[in-house]
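Have a look at the structure below before the remarks.
In this note's numbering, the protein residues as written are 10 to 250.
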């Protein structure tokens, strides 16, 4: 993997631009993920299992599920994204590709952004596509399901971008998954609160444009700051390894 990546981005005959390098990182991450389908299926299966088992463990009443359904789906999506974060840099770190990534002439934060985008396409986007089916299963109304999908479409990229910081900080550490959860979950709470609050407001017939705009601001902030923080964390982790 490392050799293939090095040739594609550091060929002496071709001057690779930043956009081309980001595309190469993005496509490589997609190809690598499809070679290990268990890493793709585990978060999705976890998402479906949590949402399916929650009514059995708490209450199958329609009124309760309509009230708590958005929170159930949001928490399940958050935990599913968290479950997949440990693999964001792990495989590249193990085979030496990550060191080549840091040595590229292109800005590291843009390459990290490409990796975070690939992670969202592989993890967050499938969760959004599964949400309408699971939303009907917990008896959410059509308008609530649509708003829920929209909040997840805006919020799951934020989860991937923030999660990339924690994944970079815990790279190479023992029990990295537990430490990653402790670092990242507090940062996820604002997104969770506004995501579920927007759906609840929509179910009551209130206007949700303000809440959606605020979630969009979270996304812009994460796109602006998270790649820089992740790049710095990667350099620190690699220097200590």
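Ideal placement from N, C-alpha and C gives every residue a C-beta, glycine not left out.
Every value quoted in this text rests on a predicted model; they were computed, and no experiment measured them.
Are at least three pairs of beta-carbons, each pair with one atom in the segment 221-236 and one in the segment 164-184, less than 8 Å apart?
Contact between the segment 221-236 and the segment 164-184 is present, because at least three Cβ pairs lie under 8 Å.
With a 10 Å radius around its C-beta and 16 neighbouring C-beta atoms as the bar for buried, classify residue 115 as buried or exposed.
Buried is the call here.
Comparing alpha-carbon positions, which option in 103, 109, 217 lies nearest residue 180?
Ranked by Cα distance from residue 180, the first of 103, 109, 217 is 103.
Indicate the three-state DSSP secondary structure (helix, strand or coil) for residue 101 in the structure shown.
-> The answer is helix: DSSP assigns residue 101 an H, G or I state.
* Asked: In terms of residues, what are the limits of the alpha helix (DSSP H) holding residue 175?
  -> Boundaries of the alpha helix (DSSP H) harbouring residue 175: 151-178, taken from the DSSP string.
Can you name, in chain order, every residue of its own chain whose Cβ lies under 7 Å from the Cβ of residue 242, other than the five neighbours on each side?
Only 174, 177, 178 meet the Cβ criterion.
field: Cut-off 6 Å between Cβ atoms - residues of its own chain near residue 10, not counting five sequence neighbours on either side
entry: Low local confidence applies: a pLDDT of 43 at residue 10 is under 50, so the model's placement there is unreliable, and no value is given.
Going along the chain, which residues of its own chain have a beta-carbon closer than 7 Å to the beta-carbon of residue 111, five neighbours each way excluded? The residues are 117, 243, 244, 247.
| Among the residues of its own chain, which have a CB less than 8 Å from the CB of residue 27, if the five just before and after it don't count? | Excluding its 5 nearest sequence neighbours in each direction, residue 27 has C-beta neighbours in its own chain below 8 Å: 115, 116, 119, listed in chain order.
**OP:** Can you give me the Cβ contacts of residue 39 inside the same chain, cut-off strictly under 8 Å, excluding the 5 residues immediately before and after it?
**Re:** Taking residue 39 as the centre and dropping the five residues before and after it, the same chain places the C-beta of 127, 130, 131 closer than 8 Å to its C-beta, in chain order.
For the alpha helix (DSSP H) that residue 241 lies in, which residues bound it at each end? Annotation for residue 241: the continuous alpha helix (DSSP H) segment containing it runs 218-249.
| Cα separation between residue 87 and residue 109? | Distance from the CA atom of residue 87 to the CA atom of residue 109, rounded to whole angstroms, is 31 Å.
*Would you identify the three-state DSSP class for residue 316, choosing helix, strand or coil?*
Since the first residue shown for the chain is 10 and the last is 250, residue 316 is missing from the structure and cannot be characterised.
- Query: Tell me which same chain residues have a C-beta within less than 8 Å of the C-beta of residue 148, skipping the five on either side of it?
  - Reply: Excluding sequence neighbours, residue 148 sits near 71, 74, 75, 78.
Problem set entry | Reduced DSSP secondary structure (H/G/I, E/B, other) of residue 113 | In this structure, residue 113 counts as coil in the three-state DSSP scheme.
Item to check | Cβ-Cβ separation, residue 124 to residue 34 (assumed contact under 8 Å), whole Å | outcome: Indeed, because the Cβ distance is near 6 Å, the residues count as touching under 8 Å.
Check your understanding: Given 8 Å as the limit, is there contact between the segment 52-62 and the segment 136-154, that is, 3 or more CB pairs closer than that?
Key -> The segment 52-62 vs the segment 136-154: in contact.
Pick from 113, 200, 50, 161: whose alpha carbon is nearest that of residue 30? The option with the nearest alpha carbon to residue 30 is 113.
Per DSSP, what kind of secondary structure is residue 44 in: helix, strand or coil?
Looking at residue 44 - three-state DSSP - the assignment turns out to be coil, as it is neither helix nor strand.
Cβ contact check for the segment 191-205 and the segment 82-98: 3 or more pairs under 8 Å = Yes, the segment 191-205 touches the segment 82-98.
- Task: Tell me whether residue 215 sits in a helix, a strand or coil according to DSSP, three-state version.
- Result: Coil, per DSSP.
field: Among 137, 150, 122, 152, the one whose alpha carbon lies nearest that of residue 158
entry: Nearest to residue 158 by alpha-carbon distance, out of 137, 150, 122, 152, is 137.
Assign residue 37 to one of three DSSP states: helix, strand, or coil. Three-state result, residue 37: helix.
Q) If you drop the 5 nearest sequence neighbours on each side, which residues of the same chain put their C-beta closer than 6 Å to that of residue 93? A) Around residue 93, the same chain offers 52, 132 as residues with beta carbons nearer than 6 Å, after the five sequence neighbours per side are excluded.
* Asked: Would DSSP call residue 70 helix, strand or coil?
  -> The answer is coil: DSSP assigns residue 70 none of H, G, I, E or B.
Cα-Cα, which of 50, 197, 151, 41 is closest to residue 267? Since the first and last residues shown for the chain are 10 and 250, residue 267 lies out of range.
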